[in-house]
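>
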Amino acid sequence: MTLHPFIAAMLEQLKGRPALSAGTPQQARAMVAASRPVLGEGPELANVRDLTVPTRGCAIKARLFRPGPSPAGLIVYLHGGGWMIGTLDDYDALARTLAAKSGCAVLLPDYRLAPEHPFPAGLEDVEDVLVHLAKAGEALLGATLPLVIAGDSAGGNLATVAALNLRGQVTLAAQILIYPVTDSDFERRSYVEYGTGLPLTRQDMVWFFRHYASESEWGSPQIAPLRADELGGLPPTLIALAECDVLADEGRAYADALERAGTRVTRRQAAGVTHGFIRLHNLLDVAREEMKAAAEFAQAACRDAAAPAQRTSA
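The numbering of the sequence shown is my numbering, which starts it at -13 and goes up by one.
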């Protein structure tokens, strides 16, 4: 394992810091929130506003980022954090950067978190947000825009499971999955190779799963989409992985499975970096490159999705 020099230096600085799974969910959330000043801010945008989105039985908060008056599409971005950690403020900089680079509006939903709201609460929130946008997106943005689902880690898991569940109901131009959770097999080679000494450990992942759902549910395709019987009917997909990550092998396996089902998959792997690197986009060249690639993929997918409608109207 050869780490990027920035990652190696970061890990040296973090020596002695307790693992995410060493304390309570509240302590893990505080640890992530404390990193915000170090990670930096996102760019200024034309408009950023908080709103609420109706979901079954409740309404959740969300933040809408508009890079300009005529966005190319709408990206629903689902933050990572093991289904337990992450707030709108934690991912504000990332959402701003993605909006600025893609030319798309970005909606960041504050989906409900475990253990207070275990599976399937967060997944239901995501599904309901997508259904709401499919029906009311024009009222929200002033136009009917191509819709992209995206997310990192547990957010990538929620993104692709929701996309599977809503096939035929919500049209997606693309899905962007950044080191997504796609399985519940903690014995894969990447778990063995990268399971200790890095920002996300095998122990952390088991801890997240235990708070998210009962162990009897871990093998369900609603949690482990790699185990779904049918993966067809999904939109063009970008899967971006970290080389030194417990989730790398299942990410590659999911890309293989999607391709076998007929989905067009663009694969990327960032060399020498660890899980969570995408939030380092203000600090790390590799993260900037992956943000740019994700933004360009979303922009191209939205352009392709809008083209048939434009030809029809002409």
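Ideal Cβ positions, reconstructed from N, Cα and C, are used throughout, including at glycine. Since we're looking at a predicted model, the values are computed, not measured.
Mapping DSSP to helix, strand and coil, what is N151?
For the purposes of this step, residue 151 is taken as residue 165 along the sequence shown, with counting starting at 1. Of the three classes helix, strand and coil, the one that applies to N151 here is helix, per DSSP.
> At what residue ranges does the segment 16 to 76 contain a whole run of the alpha helix (DSSP H), taking only runs of 4 or more?
Fully enclosed alpha helix (DSSP H) runs of 4 or longer: 22 to 25.
> What does the Cβ neighbour count give for M(-13), buried or exposed, with the cut at 16 atoms within 10 Å?
Sequence index remark: in the sequence shown, residue -13 carries index 1 (1-based). That one is exposed.
> May I have the straight-line CA-CA distance separating G205 from T168, to the nearest angstrom?
If you number the sequence shown from 1, residue 205 lands on position 219. If you number the sequence shown from 1, residue 168 lands on position 182. Distance between the alpha carbons of G205 and T168: 10 Å.
> Buried or exposed for L144, going by 16 or more other Cβ atoms inside 10 Å?
On the sequence shown, residue 144 is found 158 positions in, with the first residue counted as 1. Buried, because 16 or more other Cβ atoms sit within 10 Å of the Cβ of L144.
> Would you say F327 and G68 are within 7 Å of each other, going by their C-beta atoms?
Beyond the ends of the chain as shown, which are -13 and 300, falls residue 327; an answer cannot be given.
> Check each candidate in A241, S139, D96 and Y77 and name the one with the smallest Cα separation from I209.
Residue 209 sits at position 223 when you count from the first residue of the sequence shown. Comparing Cα positions, the closest option is S139.
> So, using beta-carbon positions, are V62 and L93 closer together than 7 Å?
One-based indexing of the sequence shown puts residue 62 at position 76. One-based indexing of the sequence shown puts residue 93 at position 107. It is a contact, given that the beta carbons lie within the stated cut-off.
> What first and last residue would you give for the beta strand (DSSP E) that runs through T252?
On the sequence shown, residue 252 is found 266 positions in, with the first residue counted as 1. Note, T252: beta strand (DSSP E), V251 to T260.
> Could you check the C-alpha separation between A(-5) and I225 for me, to the nearest Å?
For the purposes of this step, residue -5 is taken as residue 9 along the sequence shown, with counting starting at 1. For the purposes of this step, residue 225 is taken as residue 239 along the sequence shown, with counting starting at 1. Using only the alpha carbons, I get a separation of about 27 Å.
> Rounded to whole angstroms, what's the CA-CA distance from R15 to Y198? Just pull it up for me.
By 1-based counting over the sequence shown, the position of residue 15 is 29. By 1-based counting over the sequence shown, the position of residue 198 is 212. Spanning the two alpha carbons is a distance of roughly 15 Å.
> According to DSSP, simplified to helix, strand and coil, what is C288?
One-based indexing of the sequence shown puts residue 288 at position 302. DSSP places C288 in helix when its eight states are reduced to three.
> Have a look at the DSSP bridge pairing and note the partners of L270.
Working through the sequence shown from its first residue, we reach residue 270 at position 284. Partner(s): none; L270 has no beta bridge.
> Span of the alpha helix (DSSP H) holding L(-3)?
Counted from its first residue, the sequence shown places residue -3 at position 11. Its alpha helix (DSSP H) spans residues P(-9) to Q(-1).
> Counting Cβ pairs, one atom from each stretch, are 3 or more of them under 8 Å apart for the segment 30 to 49 and the segment 106 to 114?
Yes, the segment 30 to 49 touches the segment 106 to 114.
> Are the segment 239 to 247 and the segment 265 to 277 touching by the rule of at least three beta carbon pairs closer than 8 Å?
Because the criterion of three Cβ pairs below 8 Å is not met, the segment 239 to 247 and the segment 265 to 277 do not touch.
> Identify every run of the alpha helix (DSSP H) within the segment 127 to 215, keeping only runs that are complete inside it and at least 4 residues long; order them along the chain.
Complete alpha helix (DSSP H) runs here, min 4: 140 to 151, 175 to 180 and 188 to 198.
> Which residue marks the beginning of the alpha helix (DSSP H) containing L233, and which one marks its end?
For this step, residue 233 is matched to residue 247 along the sequence shown. Counting along the chain, L233 falls outside any alpha helix (DSSP H), and DSSP gives it neither H nor E.
> Determine the contact status of A48 and P4, defining contact as a CB-CB distance below 7 Å.
For the purposes of this step, residue 48 is taken as residue 62 along the sequence shown, with counting starting at 1. For the purposes of this step, residue 4 is taken as residue 18 along the sequence shown, with counting starting at 1. No. Outside cutoff.
> How would you call L37, buried or exposed, if buried means at least 16 neighbouring beta carbons within 10 angstroms?
Against the sequence shown, residue 37 aligns to sequence position 51. So L37 counts as exposed.
> Report the rounded CA-to-CA distance for K1 versus F(-8), giving the unit in angstroms.
As a first step, residue 1 is located in the sequence shown; it is residue number 15 there, counting from the start. As a first step, residue -8 is located in the sequence shown; it is residue number 6 there, counting from the start. Those two C-alpha atoms are separated by around 14 Å.
> Suppose the cutoff is 8 Å on Cβ atoms and the five residues either side in sequence are ignored; what does the same chain contact list for A287 look like?
Counting from 1 along the sequence shown, the entry for residue 287 is found at position 301. Same-chain partners within the cutoff: G59, P132, V134, A159, A160, P221 and P222.
> P106 and T146: beta carbons closer than 7 Å?
Walking along the sequence shown from the start, residue 106 turns up at place 120. Walking along the sequence shown from the start, residue 146 turns up at place 160. Result no, Cβ atoms of P106 and T146 do not sit closer than 7 Å.
> Does DSSP classify L93 as helix, strand or coil?
Stepping through the sequence shown from its first residue, residue 93 is reached at position 107. If DSSP states are grouped into helix, strand and coil, L93 belongs with the strands.
> Could you please give me the residues that DSSP links to T10 through a beta bridge?
Your numbering for residue 10 matches position 24 in the sequence shown. For T10, which the question treats as bridged, DSSP gives no partner whatsoever.
> Where does T223 sit, in a helix, a strand or coil, going by DSSP?
Reading the sequence shown from its first residue, position 237 is the one you call residue 223. It is a strand residue.
> Using the C-alpha atoms, what's the distance from G154 back to E216?
Counted from its first residue, the sequence shown places residue 216 at position 230. Counted from its first residue, the sequence shown places residue 154 at position 168. Near 14 Å, if we compare the C-alpha coordinates of G154 and E216.
> Name, in chain order, the residues that DSSP records as bridge partners for A228.
Residue numbering aside, residue 228 sits at position 242 when the sequence shown is read from its first letter. A228 pairs with A256.
> Mind checking whether G183 and H(-10) have CB atoms under 7 Å apart?
Taking the sequence shown and counting its residues from 1, one reaches residue 183 at position 197. Taking the sequence shown and counting its residues from 1, one reaches residue -10 at position 4. Going by C-beta atoms, G183 is not nearer than 7 Å to H(-10).
> Taking only the alpha-carbon atoms, compute the straight-line gap between A300 and T10 and give it to the nearest angstrom.
Start at 1 with the first residue of the sequence shown, and residue 300 comes out as number 314. Start at 1 with the first residue of the sequence shown, and residue 10 comes out as number 24. Because the pLDDT of A300 is 46, which lies under 50, any placement of that residue in the model is unreliable, and the number read from its coordinates should be weighed accordingly. Their Cα atoms are separated by approximately 58 Å.
> Inspect the beta-carbon positions of H65 and L186 and report whether they are closer than 7 Å.
Within the sequence shown, numbered from 1, the residue matching residue 65 stands at position 79. Within the sequence shown, numbered from 1, the residue matching residue 186 stands at position 200. It is not a contact, given that the beta carbons lie outside the stated cut-off.
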